[in-house]
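Asker: According to this note's numbering, the sequence shown is numbered sequentially starting from 119.
The C-beta atom is built at its ideal place from N, Cα and C for all residues, glycine as well.
First the structure, which I've put down as structure tokens, then a few questions once you've had a look.
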Amino acid sequence: MRPDSPTMAAPAESLRRRKTGYSDPEPESPPAPGRGPAGSPAHLHTGTFWLTRIVLLKALAFVYFVAFLVAFHQNKQLIGDRGLLPCRVFLKNFQQYFQDRTSWEVFSYMPTILWLMDWSDMNSNLDLLALLGLGISSFVLITGCANMLLMAALWGLYMSLVNVGHVWYSFGWESQLLETGFLGIFLCPLWTLSRLPQHTPTSRIVLWGFRWLIFRIMLGAGLIKIRGDRCWRDLTCMDFHYETQPMPNPVAYYLHHSPWWFHRFETLSNHFIELLVPFFLFLGRRACIIHGVLQILFQAVLIVSGNLSFLNWLTMVPSLACFDDATLGFLFPSGPGSLKDRVLQMQRDIRGARPEPRFGSVVRRAANVSLGVLLAWLSVPVVLNLLSSRQVMNTHFNSLHIVNTYGAFGSITKERAEVILQGTASSNASAPDAMWEDYEFKCKPGDPSRRPCLISPYHYRLDWLMWFAAFQTYEHNDWIIHLAGKLLASDAEALSLLAHNPFAGRPPPRWVRGEHYRYKFSRPGGRHAAEGKWWVRKRIGAYFPPLSLEELRPYFRDRGWPLPGPL
Ligand SMILES: *[C@@H]1O[C@H](CO)[C@@H](O)[C@H](O)[C@H]1NC(C)=O
Numbered sequence: 119m120r121p122d123s124p125t126m127a128a129p130a131e132s133l134r135r136r137k138t139g140y141s142d143p144e145p146e147s148p149p150a151p152g153r154g155p156a157g158s159p160a161h162l163h164t165g166t167f168w169l170t171r172i173v174l175l176k177a178l179a180f181v182y183f184v185a186f187l188v189a190f191h192q193n194k195q196l197i198g199d200r201g202l203l204p205c206r207v208f209l210k211n212f213q214q215y216f217q218d219r220t221s222w223e224v225f226s227y228m229p230t231i232l233w234l235m236d237w238s239d240m241n242s243n244l245d246l247l248a249l250l251g252l253g254i255s256s257f258v259l260i261t262g263c264a265n266m267l268l269m270a271a272l273w274g275l276y277m278s279l280v281n282v283g284h285v286w287y288s289f290g291w292e293s294q295l296l297e298t299g300f301l302g303i304f305l306c307p308l309w310t311l312s313r314l315p316q317h318t319p320t321s322r323i324v325l326w327g328f329r330w331l332i333f334r335i336m337l338g339a340g341l342i343k344i345r346g347d348r349c350w351r352d353l354t355c356m357d358f359h360y361e362t363q364p365m366p367n368p369v370a371y372y373l374h375h376s377p378w379w380f381h382r383f384e385t386l387s388n389h390f391i392e393l394l395v396p397f398f399l400f401l402g403r404r405a406c407i408i409h410g411v412l413q414i415l416f417q418a419v420l421i422v423s424g425n426l427s428f429l430n431w432l433t434m435v436p437s438l439a440c441f442d443d444a445t446l447g448f449l450f451p452s453g454p455g456s457l458k459d460r461v462l463q464m465q466r467d468i469r470g471a472r473p474e475p476r477f478g479s480v481v482r483r484a485a486n487v488s489l490g491v492l493l494a495w496l497s498v499p500v501v502l503n504l505l506s507s508r509q510v511m512n513t514h515f516n517s518l519h520i521v522n523t524y525g526a527f528g529s530i531t532k533e534r535a536e537v538i539l540q541g542t543a544s545s546n547a548s549a550p551d552a553m554w555e556d557y558e559f560k561c562k563p564g565d566p567s568r569r570p571c572l573i574s575p576y577h578y579r580l581d582w583l584m585w586f587a588a589f590q591t592y593e594h595n596d597w598i599i600h601l602a603g604k605l606l607a608s609d610a611e612a613l614s615l616l617a618h619n620p621f622a623g624r625p626p627p628r629w630v631r632g633e634h635y636r637y638k639f640s641r642p643g644g645r646h647a648a649e650g651k652w653w654v655r656k657r658i659g660a661y662f663p664p665l666s667l668e669e670l671r672p673y674f675r676d677r678g679w680p681l682p683g684p685l
């Protein structure tokens with residue numbers, strides 16, 4: 119068996135040099151592919167990345183699939199023709215603001231395919247983009263092969279949605295998906311659809327692009343914590359996080375009640391993974407593999423302990439670039455004619471002959487080098503930001519979201535607040551006998567007896583923004599008033615974003631109001647838990663006053679929102 123060569127994670131240059139000095143002699147007569155010299159199943163050699171590309175593409179396609187699925191299910195209600203923040207209004211305002219610019223300039227400020235489409239039926243446009251994305255991503259997910267055109271299409275489609283998605287798409291993971299997806303384009307051959315495109319070995323530059331991405335993500339997240347909140351320095355953040363995170367799940371309920379020393383341990387491990395482990399990337403093949411394994415385990419723990427949409431699944435993707443064919447071989451079945459077998463054969467062929475440089479390969483190399491230069495150039499502001507004591511998080515520095523800065527949970531909220539929407543059929547909202555009934559959201563805490571949800575990697579965008587709204591006011595979030603208006607009209611589209619409508623099968627409510635509550639987990643074994651309650655809640659006060667459809671008319675007109683219901 120060939121010994122592992124030590125620093126295979128080194129950049130392309132040193133690898134090429136090492137390959138010429140390869141001392142291992144070729145066997146006299148090459149053994150049958152898939153078998154070692156002694157006839158035992160052969161192991162793949164280190165330092166090639168054919169299988170890595172397949173795994174990377176499938177993982178990326180999975181995340182794209184989830185993202186387009188969320189878009190398909192929720193875009194119409196959020197940004198469609200009658201959405202809570204219609205993207206047509208947004209595009210029109212944007213156009214008006216830049217009316218003295220050329221259309222190319224407007225496009226480059228906010229690149230989206232929607233500029234080229236007919237705006238009279240925005241719902242169909244949004245559905246079309248999401249369905250195309252679903253189709254392409256499922257193809258890549260199932261087959262494990264893709265070309266640059268398909269990957270560029272996925273990227274363009276998702277960017278078209280993110281850029282018109284307003285606050286609903288303002289999360290760091292949207293930019294992170296676009297950046298990961300952009301790198302994914304360069305993983306593939308231009309045109310060939312093959313899992314093992316013989317003339318296009320996986321580019322080292324792209325692999326380093328992925329490693330550089332995960333380095334920035336983790337270090338950014340680690341530094342923002344140390345700088346952002348004292349509880350990360352005195353190791354108390356995890357005492358709060360499980361309860362106050364945006365969408366707790368049932369596991370978080372139990373983790374929240376772990377002993378204090380366990381929370382200290384968690385916080386320390388978090389710092390270790392985010393601040394130290396990223397440097398393993400640069401310490402050679404073995405350290406890079408350890409980095410990959412640790413990061414993927416860390417993300418798995420985060421998935422189990424909270425509903426952070428597809429963020430953690432996405433963050434696993436760039437770490438895969440640490441694993442070469444020898445590491446990933448176990449994922450693939452062996453046997454004659456199998457992928458593994460063919461990779462082994464290709465590893466032998468490459469070592470045997472020095473292929474004539476093909477024109478395509480030269481162009482390819484030039485393209486990859488240009489990509490490397492572009493990434494390096496775009497990384498300058500990102501590195502400056504990481505080094506700055508006034509680090510910002512989750513920012514993109516260009517409209518294409520290519521090289522961004524990340525960071526998560528820089529500060530931890532210590533108390534959980536919730537906005538609860540209520541309606542009443544009473545004609546007098548201030549009458550003491552008016553009965554107010556709660557609307558339930560799909561995932562966010564509401565009814566204290568309802569078990570926390572478990573939805574990762576899926577994501578409810580409205581629920582997530584309700585979490586932010588709870589520590590701001592309704593004036594910062596006028597979409598919540600739009601939602602209230604739609605509830606007053608029992609608008610079916612808006613109600614599809616919710617889990618329970620107390621007025622189902624009845625006339626719509628006369629009044630809708632928002633109430634502000636403090637939420638805490640109940641204590642396992644305590645009185646509330648015995649009553650089946652996961653949460654204990656206490657009213658803080660009004661979030662927005664009782665509203666009727668009639669009153670909302672001018673508010674809607676000012677904002678260019680279509681009037682709901684029979685107005
Ligand atoms: C509504 O109820 C409040 C409190 O009982 C009362 O003061 C007010 O006059 C009522 N308004 C109408 C229009 O009946």
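Does the beta carbon of Ala-549 fall short of 7 Å from some heavy atom of ligand 1?
Answerer: Here residue 549 refers to the residue found at position 431 when the sequence shown is read from its first residue. True, at least one ligand heavy atom lies under 7 Å from that Cβ.
Asker: Under the criterion of a Cβ to heavy atom distance below 7 Å, does Asn-388 qualify as lining ligand 1?
Answerer: Counted from its first residue, the sequence shown places residue 388 at position 270. Not so, every heavy atom of ligand 1 lies at least 7 Å from the Cβ.
Asker: Which word fits Pro-682, buried or exposed, when buried means at least 16 other C-beta atoms lie within 10 angstroms of its C-beta?
Answerer: Here residue 682 is taken as the residue at index 564 of the sequence shown, counted from 1. Its Cβ being crowded by 16 or more others within 10 Å, Pro-682 is buried.
Asker: Roughly how many angstroms lie between the CA atoms of Tyr-81 and Val-537, to the nearest whole one?
Answerer: Outside the modelled stretch of the chain, which goes from 119 to 685, sits residue 81, for which no answer is possible.
Asker: Can you find the residues in the same chain that come closer than 6 Å, C-beta to C-beta, to Trp-286, ignoring five residues on each side of it along the sequence?
Answerer: Position 168 of the sequence shown, counted from the first residue, corresponds to residue 286. Closer than 6 Å at the Cβ level, and outside the excluded window around Trp-286, lie Leu-196, Arg-579.
Asker: Report the rounded CA-to-CA distance for Ile-468 versus Val-324, giving the unit in angstroms.
Answerer: Position 350 of the sequence shown holds residue 468. Position 206 of the sequence shown holds residue 324. In a straight line, the C-alpha of Ile-468 is about 20 Å away from that of Val-324.
Asker: Asn-265: which of Thr-318, Trp-233, Met-228, Gln-294 sits nearest, CA to CA?
Answerer: As a first step, residue 265 must be located in the sequence shown, where it is residue number 147. Nearest option by C-alpha distance: Thr-318.
Asker: In three-state DSSP terms, what is Glu-555?
Answerer: The count along the sequence shown starts at 1 and reaches residue 555 at position 437. Three-state result, Glu-555: strand.
Asker: Measure the CB-CB distance between Leu-331 and Pro-436 and report whether it falls below 8 Å.
Answerer: Here residue 331 corresponds to residue number 213 of the sequence shown, with the count starting at 1. Here residue 436 corresponds to residue number 318 of the sequence shown, with the count starting at 1. Yes.
Asker: Within the chosen definition, does the segment 595 to 614 reach the segment 196 to 205 through at least 3 CB pairs nearer than 8 Å?
Answerer: Taking 8 Å as the limit for Cβ pairs, the verdict is that the segment 196 to 205 does touch the segment 595 to 614.
Asker: Which residue from Leu-267, Gly-290, Trp-679 puts its Cα closest to that of Arg-334?
Answerer: Within the sequence shown, the letter at position 216 stands for residue 334. Cα-wise, what sits closest to Arg-334 is Gly-290.
Asker: Buried or exposed for Trp-652, going by 16 or more other Cβ atoms inside 10 Å?
Answerer: Along the sequence shown, one-based indexing puts residue 652 at 534. The residue in question, Trp-652, is buried, as its Cβ has 16 or more Cβ neighbours within 10 Å.
Asker: Would you say the segment 268 to 282 touches the segment 175 to 191, given that touching needs at least three Cβ pairs under 8 Å?
Answerer: With the cut-off at 8 Å, the segment 268 to 282 and the segment 175 to 191 touch.
Asker: Could you compute how far the alpha carbon of Val-207 sits from the alpha carbon of Phe-225?
Answerer: One-based indexing of the sequence shown puts residue 207 at position 89. One-based indexing of the sequence shown puts residue 225 at position 107. Roughly 16 Å separates the two Cα atoms.
Asker: Is the separation between the beta-carbon of Leu-259 and that of Lys-176 shorter than 8 Å?
Answerer: In the sequence shown, residue 259 corresponds to position 141, counting from 1. In the sequence shown, residue 176 corresponds to position 58, counting from 1. In contact: Leu-259 and Lys-176 (Cβ atoms closer than 8 Å).
Asker: In its own chain, which residues sit with a C-beta less than 7 Å from the C-beta of Thr-320, not counting the 5 before and 5 after it?
Answerer: Counted from its first residue, the sequence shown places residue 320 at position 202. Taken in chain order, the residues that qualify are Phe-167, Trp-168, Thr-170, Arg-171, Leu-305.
Asker: Contact between the segment 447 to 460 and the segment 404 to 421: three or more CB pairs below 8 Å?
Answerer: Too few Cβ pairs lie closer than 8 Å, so no.
Asker: Please look up how many angstroms separate the CB atoms of Met-365 and Gly-424, rounded, as I've assumed it's under 8 Å.
Answerer: Position 247 of the sequence shown, counted from the start, is the residue given in the question as residue 365. Position 306 of the sequence shown, counted from the start, is the residue given in the question as residue 424. That belief holds up - the Cβ atoms of Met-365 and Gly-424 are roughly 7 Å apart, short of 8 Å.
Asker: I'd like to know if the segment 611 to 618 and the segment 632 to 640 are in contact, where contact means that at least 3 CB-CB pairs between them fall below 8 Å.
Answerer: Touching, no.
Asker: Say the cut is 7 Å; is the CB of Asn-546 nearer than that to a heavy atom of ligand 1?
Answerer: On the sequence shown, position 428 is the one that residue 546 refers to. For ligand 1, at least one heavy atom lies less than 7 Å from the Cβ of Asn-546.
Asker: Helix, strand or coil: how does DSSP classify Pro-145 here?
Answerer: Numbered from 1 along the sequence shown, position 27 holds the residue referred to as residue 145. The predicted position of Pro-145 is uncertain, since its pLDDT is 39 and thus under 50; a value taken from the coordinates is nonetheless stated next. Here Pro-145 sits in coil by DSSP.
Asker: Counting only beta-carbon atoms, is Ala-339 nearer than 8 Å to chain C?
Answerer: No chain C appears in the structure shown, which is made up of a single protein chain.
Asker: Could you check if Tyr-661 is buried or exposed, using at least 16 other CB atoms within 10 Å of its CB as the buried criterion?
Answerer: The residue you call residue 661 lines up with position 543 of the sequence shown. Buried, by the Cβ-count rule.
Asker: Only counting the same chain, and skipping five residues up and downstream in sequence, which positions put a Cβ closer than 6 Å to that of Ser-666?
Answerer: By 1-based counting over the sequence shown, the position of residue 666 is 548. Answer for Ser-666: Trp-629, listed in chain order.
Asker: Using the C-alpha atoms, what's the distance from Thr-164 back to Ile-391?
Answerer: In the sequence shown, the residue the question calls residue 391 occupies position 273. In the sequence shown, the residue the question calls residue 164 occupies position 46. Taking the straight line from one Cα to the other gives about 26 Å.
Asker: Determine the direct distance from the alpha carbon of Phe-383 to that of Glu-223, and round the result to whole angstroms.
Answerer: Here residue 223 refers to the residue found at position 105 when the sequence shown is read from its first residue. Here residue 383 refers to the residue found at position 265 when the sequence shown is read from its first residue. Distance between the alpha carbons of Glu-223 and Phe-383: 51 Å.
Asker: In angstroms, rounded to a whole number, what distance separates the CA positions of Ser-238 and Ala-607?
Answerer: Taking the first residue of the sequence shown as 1, we reach residue 238 at position 120. Taking the first residue of the sequence shown as 1, we reach residue 607 at position 489. Going by the C-alpha atoms only, they are around 24 Å apart.
Asker: Starting from the N-terminal side, write out each stretch of the alpha helix (DSSP H) that is 4 residues or longer and does not extend beyond the segment 387 to 459.
Answerer: Counting whole runs of 4 or more residues, the segment 387 to 459 contains the alpha helix (DSSP H) stretches 403 to 423, 429 to 437, 443 to 446.
Asker: DSSP beta-bridge partners for Ala-535?
Answerer: In the sequence shown, the residue the question calls residue 535 occupies position 417. Bridge partners of Ala-535: Arg-636.
Asker: Taking the straight line between their C-alpha atoms, what separation do you get for Gln-363 and Ala-484?
Answerer: The residue labelled residue 363 in the question sits at position 245 within the sequence shown. The residue labelled residue 484 in the question sits at position 366 within the sequence shown. Distance between the alpha carbons of Gln-363 and Ala-484 is about 45 Å.
Asker: Is the separation between the beta-carbon of Phe-586 and that of Thr-531 shorter than 8 Å?
Answerer: Within the sequence shown, numbered from 1, the residue matching residue 586 stands at position 468. Within the sequence shown, numbered from 1, the residue matching residue 531 stands at position 413. No, the Cβ-Cβ distance between Phe-586 and Thr-531 is not below 8 Å.
Asker: Helix, strand or coil for His-284 per DSSP?
Answerer: Residue numbering aside, residue 284 sits at position 166 when the sequence shown is read from its first letter. In the structure shown, His-284 sits in a helix (DSSP, three-state: H, G or I).
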